[in-house]
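Engineer:
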Amino acid sequence: MFKKPYKVSQQNVVGKKDRQKLKEEIELSCSLGKGELESLLPADRDIVMLKLDTRSLLFCSGDANAPPLFIDSEGRGKVVPSLMSLWRFPDMCKRLTIHGPTSKFVLKGADLMLPGVIVPEGGLPPLAEGDTV
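Just so you know, we're using the numbering used here here: the sequence shown kicks off at 1 and counts up by one.
#1: So, using beta-carbon positions, are residue 25 and residue 77 closer together than 8 Å?
#2: Taking all protein chains shown into account, decide if residue 13 is buried (16 or more other Cβ within 10 angstroms of its Cβ) or exposed.
#3: Distance, Cα to Cα, residue 91 vs residue 62?
#4: By Cβ distance, which residues of its chain are closer than 7 Å to residue 98, with the 5 residues on each side in sequence left out?
#5: Residue range of the alpha helix (DSSP H) that residue 18 falls in?
#6: Sort 34, 71, 39 and 41 by Cα distance to residue 50 and report the nearest one.
#7: Go ahead and label residue 69 buried or exposed: buried means 16 or more other beta carbons lie within 10 angstroms of its beta carbon, across all protein chains shown.
#8: Within the same chain, show all residues whose beta-carbon is closer than 6 Å to that of residue 60, passing over the 5 residues directly before and after it, in chain order.
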C-alpha cells in the first residue's frame with residue numbers, strides 16, 4: 001500500500017474528545033454528510049491512531065489491522081481521506097483532471113501546477129488554498 005516500508009512507533013485508541021475533534025476536522029476538509037461519516041467511523045467501533053516513524057498518523061476504524069481510512073501525513077492536523085475512504089465515497093473531495101504526461105511527476109510527489117490541469121468547459125471548481133483535491 002505504501003511506497004516505502006514503515007514502522008508503527010505508537011498505537012492508541014482515540015478518546016471521546018479527540019474522536020469528536022477528528023470528525024470535525026474531517027467534516028471541514030471533506031464534503032461528507034453525517035450519515036456517510038458515521039458509516040466510515042461508526043460510534044460503536046473504536047478509532048485507532050497509528051503513529052508512524054515518519055511522524056505521519058493513520059486512523060483506522062475497529063483495530064490496527066484494518067486499512068487506514070484517514071491520513072495526517074505530517075502530524076499537524078491536516079487530515080485527508082485515504083484511498084479506502086475515496087473508494088467508498090468518491091465524491092468526498094473535489095476533483096481535477098490532469099494531462100497524462102503530468103501524472104508521472106505527480107505520482108512521484110511533485111506539486112500539481114495549473115498548466116498540468118485540464119480545465120473543463122464550465123471552468124474550474126471554486127478552490128481555496130489548502131483545499132483537499
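Don't be surprised by glycine CBs; every beta carbon is placed ideally from N, CA and C.
Just so we're clear, the structure is a prediction, and the values are computed from it rather than from any experiment.
Structural biologist: On the basis of the coordinates in this document:
#1: If you number the sequence shown from 1, residue 25 lands on position 25. If you number the sequence shown from 1, residue 77 lands on position 77. Yes, the pair counts as a contact, with Cβ atoms nearer than the cut-off.
#2: Counting from 1 along the sequence shown, the entry for residue 13 is found at position 13. Residue 13 is exposed by the Cβ-count criterion.
#3: The sequence position of residue 91 within the sequence shown is 91, counting from 1. The sequence position of residue 62 within the sequence shown is 62, counting from 1. If you take the alpha carbons of residue 91 and residue 62, they lie about 24 Å apart.
#4: Your numbering for residue 98 matches position 98 in the sequence shown. These residues qualify, in order along the chain: 106, 112, 116, 117 and 118.
#5: On the sequence shown, position 18 is the one that residue 18 refers to. That run of the alpha helix (DSSP H) goes 16-29.
#6: Reading the sequence shown from its first residue, position 50 is the one you call residue 50. Residue 50 has its Cα closest to that of 71, out of 34, 71, 39 and 41.
#7: Here residue 69 is taken as the residue at index 69 of the sequence shown, counted from 1. The residue is buried, with at least 16 neighbouring Cβ atoms inside 10 Å.
#8: By one-based count along the sequence shown, residue 60 stands at place 60. Only 48, 66 and 68 meet the Cβ criterion.
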